[in-house]
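In this note's numbering, the protein residues as written are 1458 to 1718.
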């Protein structure tokens, strides 16, 4: 039986400073640990994992292709994270380009294009089919908390850990699509969270994640490969200071990795 004492102590130490954590961990042998794992947290950009899954399921069904072209329209440029908001309308992107920008640099404009393309209702229906009963895509990306009357994007840590696990077991989509989605997670450009304490250079293990950030929210969901398989991590932090939140995520990931060896 996995001894999660060290991880629990790390979480308790972090929360003693006033932040609130939601953590779900799946070890390579399938054993699990959760702290506030079934509580709803603001998803921020971690919801983009679910958008990606629905896109690849559509591709599996022959309803879309990574090679299809989308020409940027003025209304496509969204506030918040990313670079596409700075580009001129008329630029042509493949659907694969849109997905890469959504996942690697968390571009909000390309995310909203993909939400429109695959359908918000369809994304939520797929989340339900995959067992994500309390997570929700409630609105497009705006780079800010919801205004009065707007829905929120919600994430349950255990449900997002299960979604990453479904990529490794080929339950989220076809095996080629699941492999491609794992590859998209590995293109993450922010290594200050789950990967914070991993060694540099050739000694660094494979890892991948999708971050999420809003005022008061710092999240990361992904995996670190070990000799025995993936260590899956779903970490949500309610905290006022973003750099401190990133450090908390790094410490939790390090403690989880030390636990599983």
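Ideal placement from N, C-alpha and C gives every residue a C-beta, glycine not left out.
For clarity, every value in this text was computed on a predicted model and none was experimentally measured.
Start-to-end residues for the alpha helix (DSSP H) that takes in residue i
i, result
"residue 1616", "1614-1625"
"residue 1517", "1505-1517"
"residue 1491", "That residue, residue 1491, is in no alpha helix (DSSP H); its beta strand (DSSP E) goes 1489-1492."
"residue 1572", "1565-1575"
"residue 1551", "No alpha helix (DSSP H) holds residue 1551; the beta strand (DSSP E) holding it covers 1549-1551."
"residue 1502", "Neither: residue 1502 is in no alpha helix (DSSP H) and is coded neither H nor E."
"residue 1640", "1632-1642"
Beta-carbon separation (whole angstroms), residue i vs residue j, contact threshold 8 Å
i, j, result
"residue 1529", "residue 1547", "6 Å"
"residue 1575", "residue 1534", "With 8 Å as the limit, residue 1575 and residue 1534 do not qualify as a contact, their Cβ atoms being about 19 Å apart."
"residue 1536", "residue 1606", "With 8 Å as the limit, residue 1536 and residue 1606 do not qualify as a contact, their Cβ atoms being about 18 Å apart."
"residue 1615", "residue 1481", "4 Å"
"residue 1509", "residue 1556", "6 Å"
"residue 1589", "residue 1667", "Going by Cβ atoms, the distance from residue 1589 to residue 1667 rounds to 15 Å, so no, they are not a contact pair."
"residue 1503", "residue 1678", "5 Å"
"residue 1587", "residue 1629", "6 Å"
Spatial distance of residue i from residue j (CA atoms)
i, j, result
"residue 1550", "residue 1625", "28 Å"
"residue 1627", "residue 1635", "6 Å"
"residue 1564", "residue 1693", "20 Å"
"residue 1580", "residue 1595", "10 Å"
"residue 1619", "residue 1632", "16 Å"
"residue 1706", "residue 1578", "31 Å"
"residue 1676", "residue 1645", "13 Å"
"residue 1489", "residue 1483", "5 Å"
"residue 1512", "residue 1697", "33 Å"
"residue 1713", "residue 1541", "36 Å"
"residue 1558", "residue 1567", "7 Å"
"residue 1573", "residue 1543", "20 Å"
"residue 1505", "residue 1661", "25 Å"
"residue 1470", "residue 1523", "44 Å"
"residue 1465", "residue 1473", "12 Å"
"residue 1494", "residue 1621", "15 Å"
"residue 1527", "residue 1545", "13 Å"
"residue 1458", "residue 1492", "18 Å"
"residue 1639", "residue 1623", "10 Å"
"residue 1460", "residue 1532", "51 Å"
"residue 1562", "residue 1539", "6 Å"
"residue 1478", "residue 1659", "32 Å"
For residue i, the residue or residues it bridges with in DSSP
i, result
"residue 1534", "DSSP output for residue 1534 lists no bridge partner at all."
"residue 1593", "1611"
"residue 1674", "1671 and 1695"
"residue 1473", "In DSSP, residue 1473 forms no bridge with anything."
"residue 1664", "1681"
Cβ shell of residue i (< 6 Å), same chain only, five flanking positions each side left out
i, result
"residue 1648", "none"
"residue 1686", "1485"
"residue 1710", "1651 and 1690"
"residue 1603", "1609"
"residue 1702", "1675, 1694 and 1696"
"residue 1653", "1707"
"residue 1641", "1560"
"residue 1655", "1661"
Residue range of the unbroken beta strand (DSSP E) whose run includes residue i
i, result
"residue 1688", "1686-1695"
"residue 1600", "Here residue 1600 belongs to no beta strand (DSSP E), and DSSP marks it neither H nor E."
"residue 1745", "Here the chain comprises residues numbered 1458 to 1718, so residue 1745 is not present and cannot be evaluated."
"residue 1526", "1526-1528"
Cβ of residue i within 9 Å of any chain B Cβ
i, result
"residue 1470", "The question asks about chain B, but that chain is absent: this structure has only one protein chain."
Own chain, CB closer than 8 Å to residue i, minus 5 neighbours either side, in chain order
i, result
"residue 1611", "1497, 1498, 1499, 1500, 1591, 1592, 1593 and 1595"
"residue 1688", "1482, 1483, 1484, 1485, 1680, 1681, 1682, 1713, 1714 and 1717"
"residue 1643", "1663, 1664 and 1665"
"residue 1553", "1523 and 1524"
"residue 1699", "1670 and 1675"
Same chain, Cβ closer than 7 Å to residue i, five either side skipped, listed in chain order
i, result
"residue 1637", "1513"
"residue 1672", "1602"
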